[in-house]
Amino acid sequence: MSGEQEYMQLIGKRIRQVRKLRGYSSQESFAYEHDISRTQYGRYERGEGLHVSSLIKLVRIFDMTLAEFFSEGFE
Numbered sequence: 005m006s007g008e009q010e011y012m013q014l015i016g017k018r019i020r021q022v023r024k025l026r027g028y029s030s031q032e033s034f035a036y037e038h039d040i041s042r043t044q045y046g047r048y049e050r051g052e053g054l055h056v057s058s059l060i061k062l063v064r065i066f067d068m069t070l071a072e073f074f075s076e077g078f079e
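Each residue of the sequence shown is one higher than the last, beginning at 5 in our numbering.
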C-alpha cells in the first residue's frame, strides 16, 4: 500500500471517529441530515474519493478547525 493510500485511510478513520463523537451512530443518518450522498459519504469514511473541498465541508459540519481534525490519529 502506498503512503498516499495509508494517509487517506487514516483520514477516513478520523472522519468516522468524529462522526461518532458527534453522536451519529450511522453513516446514513449523518449523510441525510447534512445533504451528502450516502454512497459518497461511505467512500469518505473508507478514505476514497475525498477532495480537499469535501474534507473542508465535513470539518465545518463537525464544527472543527483543520488543525483540530488532524490533531488526533496521524502520529
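Just so it is clear, CB atoms sit at the ideal spot from N, CA and C, and this is done for glycine as well.
Between Leu14 and Phe66, the C-beta spacing is not below 8 Å. Excluding sequence positions up to five before and after Arg26, its CB lies within less than 7 Å of the CB of Phe66, all in the same chain and listed in chain order.
Straight through space, the alpha carbons of His38 and Tyr28 are spaced by roughly 12 Å. Arg42 is positioned such that its CB atom lies no closer than 8 Å to that of Glu49. Its chain contains Val22 as the residues whose beta carbon lies nearer than 8 Å to that of Met68, once the 5 sequence neighbours on both sides are disregarded; these appear in chain order.
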